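For reference, the structure is listed below as structure tokens.
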Amino acid sequence: MSMRHPISKSFMQTRRSLLLLPLAFIAERLVAAPVPALPPGACPLNSGGPSLLGSKWRLFSVYGNEVPKEVTITMEVGDNALKGFAGCNDYTAVFQRVGHTGFKMTKIEKGDKGCPVLSSGDGLPTINVGSLEGGYLRNLGRAGSVQQEGSLLQFFNLNGEPSVVFAKSYGDGGVEETTPATPETIPPESNPEAAPAPLSPESNPEAAPAPLPPPTS
């Protein structure tokens, strides 16, 4: 009659631990795998296109609503944050790369200075700068991708819809003109071709000489 030897509980636990060791090793390798580095010179904000690092912009519109000329909202692209002036407070929007073309905002900080209400002219609606600042920062925080088209920088929300648009800003704070300039009018004195031709006596009776009086007898 054969007898079965009892298997101790500690032996079973040791056996189970040995079986799980390879799985734990593989999981550790997967977690510790580094994120692929960006190509040299690529900007984390939009690594799929030209680098925007160090570029400066001025807010042009939010969801098609143009920013009043009385309000200045700016942005400069850094390594991992957007910094600028939101209308009445400085702000910093920290972003994190997602894949090779996207990103997500992880934190937005701004000052706590109160915002004024500006007049846009007699009989015209007032401009609530605080409302513009808050709306801009909220929509910037929902951005997930960006695309540069000439002198404009278009942000898209997480659903791929166009949201915030910036115009290129120069180092002195000026903004590139996006509409064609009105042609310069040359005064007639400096443009002989545009100067009116002198009228002949036949076509201008006032300029014709007066008739001589008849001779006296």
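Mapped onto mature numbering (1 follows the signal peptide of the UniProt record, and there is no 0), the consecutive letters of the sequence shown carry residue numbers -32 to -1, 1 to 185. The C-beta atom is built at its ideal place from N, Cα and C for all residues, glycine as well. These numbers come from a predicted model, not from an experiment.
For residue 65, the enclosing beta strand (DSSP E) covers residues 58 to 66. Cβ-Cβ separation between residue 71 and residue 121: approximately 14 angstroms, too far for a contact (criterion under 8 angstroms). Going by DSSP, residue 103 is part of the alpha helix (DSSP H) stretching over 97 to 109. Within the model, the alpha-carbon separation for residue 111 versus residue 92 is close to 32 angstroms.
Per DSSP, reduced to three states, the secondary structure at residue 19 is coil, with no helix or strand assignment. In the structure shown, the three-state DSSP call for residue 55 is coil. Of the candidates 27, 39 and 22, 27 places its Cα closest to the Cα of residue 132. Judged by beta-carbon spacing, residue 40 lies beyond the 9 angstroms limit of residue 50, meaning their Cβ atoms are not closer than that value.
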